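Structure record follows, encoded as structure tokens.
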């Protein structure tokens with residue numbers, strides 16, 4: 001099994017909605033019912049006030065800003081999550097001397113239909129059973145690895 005990693009290209013971010021972004025999806029290795037983007041609101045700037053038909057979540061990664069939604073403003077810091085319903089006007093105000101970094105995740109019914117179409121005709125019960133079996137096997141493997149690592153640490157500390 002291989003982990004797929006999409007590398008952030010900090011030198012080639014696009015300027016969208018008043019922030020610098022890199023679209024993380026669509027991604028050929030992943031069929032998901034949502035899309036994502038990495039975003040940087042530069043120090044002392046404000047993103048574009050906008051609205052759209054998708055639902056959206058901002059996940060604050062680093063720094064802090066003020067998030068505005070429907071005319072209301074609230075502090076928004078690393079670790080916080082904001083949710084915007086379709087049609088809500090929203091933006092971020094970075095009033096600090098440091099960049100504010102966040103991840104945007106959005107979805108709509110069309111994305112969900114595309115996701116589900118990928119599995120149309122699939123035996124979902126079999127897919128779910130296989131996923132559960134893989135998870136159980138991987139949990140056992142993880143426990144064995146942790147036990148071996150703990151034994152190694154105990155042996156090294158003697």
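Numbering (UniProt numbering), first residue to last: 1 to 158. Using N, Cα and C, we set each Cβ at its ideal position, and we do this for glycine too. Since the model is a prediction, treat every value here as computed from it, not as a measurement.
Here DSSP, grouped into helix, strand and coil, assigns residue 42 to coil.
For residue 110, the uninterrupted alpha helix (DSSP H) run begins and ends at 109-118, by DSSP. With contacts defined by Cβ atoms closer than 7 Å, residue 92 and residue 63 do not form a contacting pair. By the C-beta density criterion, residue 39 is buried, having at least 16 other C-beta atoms within 10 angstroms. Comparing alpha-carbon positions, the option among 16, 135, 46 and 84 lying closest to residue 97 turns out to be 46. With a cut-off of 8 Å on Cβ pairs, the region 75-86 is not in contact with the region 127-146, counting fewer than three such pairs. With respect to the C-alpha of residue 109, the residue from 15, 141 and 34 having the closest C-alpha is 34.
The beta carbon of residue 4 is closer than 7 Å to those of 29 in its chain, skipping five residues each way along the sequence. For residue 88, the CB contacts under 7 Å within the same chain, skipping 5 residues up- and downstream, are 51, 69 and 70 in chain order.
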